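Colleague: In our numbering, the protein residues as written are 1 to 503.
Even glycine gets a Cβ: it sits at the ideal position worked out from N, Cα and C.
None of these values were measured; they are calculated from a predicted model.
Please read through the structure below; I'll follow up with questions.
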Amino acid sequence: MDIRFYNTLTNSVQTFQPVDAGCVRMYSCGPTVYDFAHIGNFRSFLFADVIRRTLEFFGYRVHHVMNITDVGHMTDDASADGGGEDKMEAAAKRMKADKKSGKVTAGAVENPDDPYQIAEYYTKAFLEDAQTLGLRVAFEPDNILKATQNIDTMQEMIATLIQRGHAYVGPDGVVYYSVESFPDYGKLSGNTLDRLLTGAGGRISQENQSAKRHPADFMLWKADRHHIMKWDSPWGTGYPGWHIECSCMARKRLEKDVIDIHTGGEDLIFPHHECEIAQSRGATGADAFARFWMHARFLMVEGEKMSKSKGNFWTVRDVLEGRATGVKVHPAVLRLELIKSHYRANMNFTRKGLQDSAGVVKRLTDFRSKLEAASGGKSEPADLSHPVLKEFAEALADDLNIAGALGAVLPWAASVPTDPAMALGVLNRINDVLAVAPLATAESSAADDSDDSDGILQLCQQLDKARAGRDYATADRIRSEITAAGYDVKTSPQGTVAQKRLA
RNA sequence: GGGGCGGUGGCGAAGUGGCUAACGCUGCGGAUUGCAAAUCCGCCAUUCGUGGGUUCAAAUCCCACCCGCCCCUCCA
């Protein structure tokens with residue numbers, strides 16, 4: 001079956017073919033570790049995870065890597081030659097405040113003035129969140145790449161770019177990439193040099209551009225002894241530009257000049273990915289860096305753009321622990337909510353959507369239980385000759401149409417299959433992609449189920465007793481007590497069972 | 001100003017030339033229940049942003065217009 005993906009590079013849906021039939025190489029722009037990752041970040045990361053799992057579903061071996069940006073970049077170093085406050089320093093301030101308020105556990109970060117400790121703290125938090133949400137790459141330490149551990153590779157590439165005439169040292173001592181040396185600059189984003197000049201609404205000219213040959217030239221290395229994280233280099237002690245790490249780490253870890261897929265959020269199309277292409281192709285001379293560039297659109301929250309000032313800026317932890325919606329949310333529910341609509345449309349994160357997703361997770365989970373009971377836990381290997389799996393696969397192959405794929409799965413999950421072992425095999429393959437029923441996570445997430453389950457069990461028994469004695473007033477009171485504790489109550493002749501609500 | 005994405009029932013969301021426009025939620029009717037919840041059965045868009053056009057046939061193609069969103073500035 002042909003797999004077709006939308007490629008930002010060509011603005012069209014194309015049939016996917018890896019460079020090397022034996023292995024798909026993909027790179028995903030990961031988080032900056034100055035703060036906890038939010039659900040918008042994770043929409044993009046989970047989108048990458050779904051691509052990876054889809055390719056694996058179709059039998060490809062996938063080498064997926066993700067970077068961790070732990071270099072302390074400046075708050076507005078993207079357009080000019082660096083400026084504003086260092087993000088790591090800003091994080092240090094926040095960290096100190098959080099330690100005082102108890103938001104960050106006392107022993108977690110010994111010295112907030114040490115940027116490496118801050119980066120380490122948030123990196124660990126990110127990987128925990130990523131594992132909780134079933135991001136496969138987060139379970140592969142070798143494929144999580146840290147910028148600070150690859151500075152030497154970046155310096156090598158910068159030297160190559162200078163040598164090949166793609167970069168120069170400006171009069172201010174900063175190493176810049178010369179966009180005019182790369183004719184394809186702008187091909188990915190549509191922001192070609194002539195358009196950038198005429199269309200930027202005057203923003204470009206306001207900046208201090210005097211050291212650059214072209215206003216769109218971007219920084220590769222800046223000597224700055226005062227920067228909080230700095231390294232020695234032929235161009236002075238300082239720090240790398242914010243685009244260079246991805247070009248270098250992708251090539252180094254994936255061991256190819258041309259990779260298959262590069263993913264990120266839509267905001268990264270320009271300038272970040274445009275600059276990565278210029279760097280990589282400038283250094284390698286290849287006619288491509290990644291063959292497919294895939295971008296997830298932004299997430300909205302209750303119809304509004306997520307922003308700190310609106311107070312709708314939710315981290316993964318906020319949602320799971322109930323600070324976003326007032327109800328604790330199972331990780332599988334959040335995962336499904338973030339992957340279930342098409343990645344190329346803005347998705348609206350809502351409380352109602354979360355409840356819908358909870359219903360779907362419950363249905364799939366219940367279906368699995370029924371199948372396991374009926375088949376004795378045995379599953380038959382399933383292939384695409386099964387109509388449900390075929391429809392599921394066709395939807396996925398059509399540019400990751402998860403909604404369409406669910407449209408095939410959900411009615412089936414409400415049916416009673418004649419061959420439960422085969423159905424279980426089908427469900428297993430479906431769940432290899434969706435990873436919501438069950439969600440394979442770090443052990444930590446299941447823990448909070450047990451804390452009050454003894455009490456709930458007792459209440460269920462009391463409820464049965466009251467019902468047996470036809471004391472319905474008491475029975476109703478107990479039932480609302482269990483419900484209020486966040487459980488769904490199922491009464492039956494076999495006895496009452498309480499099930500924790502997923503969201 | 002430049003570069004993109006999208007407008008389908010109360011809500012979310014598939015479908016890109018031709019069966020009665022998927023699927024999920026909500027709602028309604030029924031079974032079940034002490035009453036509920038859960039579950040099961042059934043029903044719910046003559047219509048696809050607007051106006052034209054092409055065609056035997058269009059939500060799907062063409063033209064025009066309206067609206068929303070994103071990027072071009074730190075951001076996934």
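Under the DSSP definition of a beta bridge, which residues are partnered with Tyr-168?
Modeller: Per DSSP, Tyr-176.
Colleague: Under a three-way DSSP split, which group does Trp-235 fall into?
Modeller: Trp-235 falls in the coil class under three-state DSSP.
Colleague: How long is the line joining the alpha carbons of Tyr-487 and Gly-359, rounded to whole angstroms?
Modeller: Each residue's alpha carbon lies about 14 Å from the other.
Colleague: What residues in its chain sit with their C-beta under 6 Å from that of Leu-220, if we drop five residues either side in the sequence?
Modeller: Correct list, in chain order: Ile-158, Ala-167, Val-175, Tyr-177, Gly-241, Ile-244.
Colleague: Please classify Val-137: does DSSP put it in a helix, a strand, or coil?
Modeller: Residue state, collapsed to three classes: helix.
Colleague: Find out if the Cβ-Cβ distance for the pair Phe-57, Asp-419 is shorter than 7 Å.
Modeller: Taking 7 Å as the Cβ cut-off, Phe-57 and Asp-419 do not qualify as a contacting pair.
Colleague: On the premise that Thr-263 lies in contact with Ser-12, defined as a C-beta separation below 8 Å, what is that separation, rounded to the nearest angstrom?
Modeller: About 17 Å; that fails the 8 Å criterion.
Colleague: Rounding to the nearest angstrom, what Cα-Cα distance links Tyr-6 and Asp-257 in this structure?
Modeller: Answer to the nearest angstrom: the Cα atoms are 22 Å apart.
Colleague: Apart from the five residues just before and just after Ser-217, which ones in its own chain have a Cβ nearer than 7 Å to its Cβ?
Modeller: Ser is not the amino acid found at residue 217; the sequence shown has Asp there. For Asp-217, where only same-chain residues beyond five positions count, the Cβ hits under 7 Å are Tyr-176, Tyr-177, Ser-178, Val-179.
Colleague: Report yes if the C-beta distance between Asn-346 and Gly-303 is below 7 Å; otherwise report no.
Modeller: Cβ atoms of Asn-346 and Gly-303: not closer than 7 Å.
Colleague: By the three-class DSSP mapping on this structure, what secondary structure does Tyr-27 have?
Modeller: It is a strand residue.
Colleague: Alpha carbon to alpha carbon, what distance is there between Lys-222 and Gly-170?
Modeller: Cα-Cα distance, rounded: 10 Å.
Colleague: Would Val-65 and Thr-123 be called neighbours here (beta carbons separated by less than 7 Å)?
Modeller: No, the Cβ-Cβ distance between Val-65 and Thr-123 is not below 7 Å.
Colleague: Are the CB atoms of Thr-496 and Leu-463 within a distance shorter than 7 Å?
Modeller: Yes, they are a contact pair.
Colleague: Can you list, in chain order, the residues of its chain whose CB lies under 6 Å from that of Ser-445, leaving out five sequence neighbours each side?
Modeller: In this prediction, Ser-445 scores a pLDDT of 41, lower than 50, which makes its location untrustworthy; the coordinate-derived value is nonetheless stated afterwards. Answer for Ser-445: Thr-132, Pro-331, listed in chain order.
Colleague: With Ala-223 as the anchor, note down where its beta strand (DSSP E) starts and where it stops.
Modeller: Looking at the DSSP string, the run of the beta strand (DSSP E) that includes Ala-223 is 218 to 223.
Colleague: DSSP three-state call for Gly-40: helix, strand or coil?
Modeller: If DSSP states are grouped into helix, strand and coil, Gly-40 belongs with the helices.
Colleague: How is the beta strand (DSSP E) around Lys-490 delimited, first residue to last?
Modeller: Note, Lys-490: beta strand (DSSP E), 487 to 490.
Colleague: Opposite Val-62 in the DSSP bridges: which residues?
Modeller: Answer is Val-24.
Colleague: Tell me the DSSP bridge mates of His-295?
Modeller: The partner list for His-295 (beta bridge, DSSP) reads Gly-264.
Colleague: Is Ala-211 helix, strand or coil by DSSP?
Modeller: If DSSP states are grouped into helix, strand and coil, Ala-211 belongs with coil.
Colleague: Pull the bridge partners of Met-300 from the DSSP assignment, please.
Modeller: Answer is Lys-305, Asn-348, bridged to Met-300.
Colleague: Going by the beta-carbon positions, is the gap between Asn-150 and Cys-23 smaller than 7 Å?
Modeller: It is not a contact, given that the beta carbons lie outside the stated cut-off.
Colleague: When burial is assigned at 16 or more other CB atoms within 10 Å of the CB, is Gly-265 buried or exposed?
Modeller: Buried is the call here.
Colleague: Which full runs of the beta strand (DSSP E) of 3+ residues lie inside the stretch 341 to 425, going along the chain?
Modeller: With a minimum length of 3 residues, the continuous beta strand (DSSP E) runs that stay inside the stretch 341 to 425 are 347 to 349.
Colleague: Is the beta carbon of Val-436 less than 7 Å from the beta carbon of Arg-335?
Modeller: Going by C-beta atoms, Val-436 is nearer than 7 Å to Arg-335.
Colleague: So, for Phe-126: in the same chain, excluding its five sequence neighbours on each side, which residues have a beta-carbon less than 6 Å away from its beta-carbon?
Modeller: Correct list, in chain order: Pro-31, Ala-37.
Colleague: What do you get for Ala-468, buried or exposed, if any count of 16 or more other CB atoms within 10 angstroms of its CB means buried?
Modeller: Answer is exposed; the Cβ neighbour count stays below 16.
Colleague: Write down the C-beta distance between Ala-423 and Leu-354 rounded to the nearest angstrom, noting that I regard them as a contact closer than 8 Å.
Modeller: Between Leu-354 and Ala-423 the Cβ distance is about 28 Å, and since that is not below 8 Å, they are no contact.
Colleague: Do Ala-503 and Val-489 have their CB atoms nearer than 7 Å?
Modeller: No, the pair does not count as a contact, with Cβ atoms beyond the cut-off.
Colleague: Using the Cβ count rule (16 or more neighbours within 10 Å means buried), how would you classify Met-95?
Modeller: Per the 10 Å Cβ criterion, buried.
Colleague: Excluding the 5 residues preceding and the 5 following Ser-46 in the sequence, name in chain order all residues of the same chain whose CB lies nearer than 6 Å to its CB.
Modeller: Looking at the sequence provided, one finds Leu at residue 46 rather than Ser. Taken in chain order, the residues that qualify are Leu-338, Ile-339.
Colleague: Compute the Euclidean distance between the alpha carbons of Leu-410 and Ala-395, then round it to the nearest angstrom.
Modeller: Roughly 14 Å between the two C-alpha positions.
Colleague: If you follow the alpha helix (DSSP H) that Gln-462 is part of, which residue opens it and which one closes it?
Modeller: 453 to 468 is the span of the alpha helix (DSSP H), which, as asked, contains Gln-462.
Colleague: From Asp-318, Glu-255, Lys-500, His-295, pick the residue whose C-alpha is nearest to that of Ser-280; which is it?
Modeller: Of the candidates Asp-318, Glu-255, Lys-500, His-295, the one whose C-alpha sits nearest the C-alpha of Ser-280 is Glu-255.
Colleague: Just the C-alpha distance for Asp-194 and Asp-287, rounded to the nearest angstrom, thanks.
Modeller: Those two C-alpha atoms are separated by around 22 Å.
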